[in-house]
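So in full-length UniProt numbering, the last one in the sequence shown is 151, and the numbering has no gaps at all.
Ideal placement from N, C-alpha and C gives every residue a C-beta, glycine not left out.
Working notes for the structure below.
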Amino acid sequence: MRINSKIRIAGPDDIPQIMELCCLHAEYEKAAYSIKNKKERLLRDLFATDPKLYCLVVESNAELIGYATYMKQYSTWDAEEYLYLDCIYIKEFARGLGIGEKLVKTIEKQGRKLGCSLIQWQTPDFNIRAIKFYRRIGAVSKNKERFFLKI
Numbered sequence: 001m002r003i004n005s006k007i008r009i010a011g012p013d014d015i016p017q018i019m020e021l022c023c024l025h026a027e028y029e030k031a032a033y034s035i036k037n038k039k040e041r042l043l044r045d046l047f048a049t050d051p052k053l054y055c056l057v058v059e060s061n062a063e064l065i066g067y068a069t070y071m072k073q074y075s076t077w078d079a080e081e082y083l084y085l086d087c088i089y090i091k092e093f094a095r096g097l098g099i100g101e102k103l104v105k106t107i108e109k110q111g112r113k114l115g116c117s118l119i120q121w122q123t124p125d126f127n128i129r130a131i132k133f134y135r136r137i138g139a140v141s142k143n144k145e146r147f148f149l150k151i
């Protein structure tokens with residue numbers, strides 16, 4: 001099966017579909033997701049003069065079938081900035097067709113433009129298919145636990 005798709009930088013009109021993809025992504029990762037206040041905050045944070053977050057979308061036939069969000073962060077140990085890949089998601093029917101690899105390559109290009117030489121991300125340990133994909137494209141993992149503390 002082949003899907004005609006293109007990867008592009010998200011625009012403000014994409015926010016409703018990005019939120020739908022976030023909902024599907026959360027469901028896939030067995031997590032909760034609420035749309036409350038998300039539209040306004042995403043518009044503000046993605047499209048500011050100095051954005052907090054960047055977003056690429058995968059479009060096919062005027063429908064978004066995937067997205068990735070990322071931001072620059074700083075590593076004290078490395079004393080340099082890196083790209084943190086916050087979310088990457090492709091709808092089920094479009095997986096295994098090379099779209100994910102193209103999306104990661106586009107993220108790498110964006111990272112270079114932002115002056116980063118490393119991308120970091122995480123995935124749940126039960127997401128075996130994604131882990132196999134990440135290893136196939138040359139990524140390596142570090143065993144760590146991620147903790148959350150509400151403030």
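CA-to-CA distance, residue j to residue i, given in whole angstroms
{"i": "PRO124", "j": "SER141", "result": "12 Å"}
{"i": "ALA48", "j": "VAL104", "result": "24 Å"}
{"i": "PHE133", "j": "PHE93", "result": "16 Å"}
{"i": "THR106", "j": "LYS36", "result": "30 Å"}
{"i": "ILE3", "j": "ARG146", "result": "35 Å"}
{"i": "GLU63", "j": "CYS55", "result": "16 Å"}
{"i": "SER5", "j": "LYS150", "result": "39 Å"}
{"i": "LYS144", "j": "PHE126", "result": "15 Å"}
{"i": "ILE41", "j": "ALA32", "result": "According to the sequence displayed, residue 41 carries Arg and not Ile. Rounded to the nearest angstrom, the two C-alpha atoms are 18 Å apart."}
{"i": "SER75", "j": "MET1", "result": "41 Å"}
{"i": "ALA26", "j": "ALA139", "result": "23 Å"}
{"i": "LYS102", "j": "ILE90", "result": "12 Å"}
{"i": "LEU97", "j": "PHE148", "result": "34 Å"}
Whole-number beta carbon distance between residue j and residue i, since they are thought to touch under 8 Å
{"i": "PRO12", "j": "LEU53", "result": "Contact flag wrong, Cβ pair sits at about 13 Å."}
{"i": "GLY66", "j": "ILE99", "result": "6 Å"}
{"i": "ILE7", "j": "VAL58", "result": "5 Å"}
Spatial neighbours of residue i in its chain, beta-carbon cut-off 6 Å, leaving aside the 5 residues before and after
{"i": "ILE88", "result": "ALA68"}
{"i": "PRO51", "result": "none"}
{"i": "LYS72", "result": "GLU81 and LEU114"}
{"i": "GLU29", "result": "PRO124"}
{"i": "TRP121", "result": "LEU85"}
{"i": "residue 190", "result": "Nothing about residue 190 can be reported from this structure: the residues present for the chain run from 1 to 151 only."}
{"i": "ALA10", "result": "CYS55 and VAL57"}
Proximal residues to residue i (C-beta, below 8 Å), its chain only, five neighbours per side dropped
{"i": "GLU108", "result": "ILE119"}
{"i": "ARG129", "result": "ARG95"}
{"i": "SER117", "result": "GLU80, TYR82 and GLY111"}
Other residues of its chain near residue i: CB distance less than 7 Å, five sequence neighbours each side excluded
{"i": "LYS38", "result": "MET19"}
Pick out the complete beta strand (DSSP E) segments inside the stretch 76-142, 3 residues or longer, and give them in chain order.
-> 80-90
Would you say the stretch 20-34 touches the stretch 70-80, given that touching needs at least three Cβ pairs under 8 Å?
-> In the pairwise beta carbon analysis, the stretch 20-34 is classified as not touching the stretch 70-80: fewer than three pairs are separated by under 8 Å.
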